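Here my numbering runs 236 ahead of the position in the sequence shown, where the first position is 1. Heads up: the structure comes next, in structure tokens.
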Amino acid sequence: MCQVIKENIVQMTALAEIDLFIISGGVSLLDGFIELLEAVLGIPVRLARIGNQQILPLIPKDNTLCPPKCIPYLTALGVICKAQAVREMVVFDTPLSNRFLTRIVNRVKQVYQEYF
């Protein structure tokens, strides 16, 4: 799997241009995965943490999505954070509504539950 990740990165950009690789999702929590990916890529690899103040309210404060139940949703939340960061680079007249993000998160949950 690490070799496939490396091949995909090389297709997009040169590895020499990357200083740090940030991963998220359930696979990233497997024992030794971060170390193996660092060895294959030859660059530092870190585990992502969700710190975006617009995304944090979407994560329930109760125990329904606390670890390990939240692990399957980390990738989806990471994608949402990335999309939000890209949207913030563009000037908008209206901020992204919580309702829109809630709909996205709910849809991701539905798709996940259908297949897993």
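Idealized CB from N, CA, C, for every residue including glycine. These numbers come from a predicted model, not from an experiment.
Within a Cβ cutoff of 6 Å, which residues of the same chain sit near E274, ignoring the five residues on either side of it in sequence? V281
For my contact list, L337 and I316 are in at a C-beta cut-off of 8 Å; report their separation, rounded to the angstrom. 7 Å
To which residues of the same chain is L277 closer than 7 Å at the C-beta, ignoring the five residues directly before and after it? K242, L251 and F257
Residue range of the beta strand (DSSP E) that V281 falls in? V281 to L283
Please name the residue or residues paired with F257 in a DSSP beta bridge. V281
Residues of its chain near I254, where Cβ-Cβ distance is below 6 Å and the 5 sequence neighbours each way are ignored: I279
Roughly how many angstroms separate the alpha carbons of V341 and L265, rounded to a whole number? 21 Å
Best match in T311, R335 and I259 for proximity to Y348 [C-alpha to C-alpha]: Comparing Cα-Cα distances from Y348 to each of T311, R335 and I259, the minimum goes to T311.
May I ask which residues mark the beginning and end of the alpha helix (DSSP H) holding M248? C238 to M248
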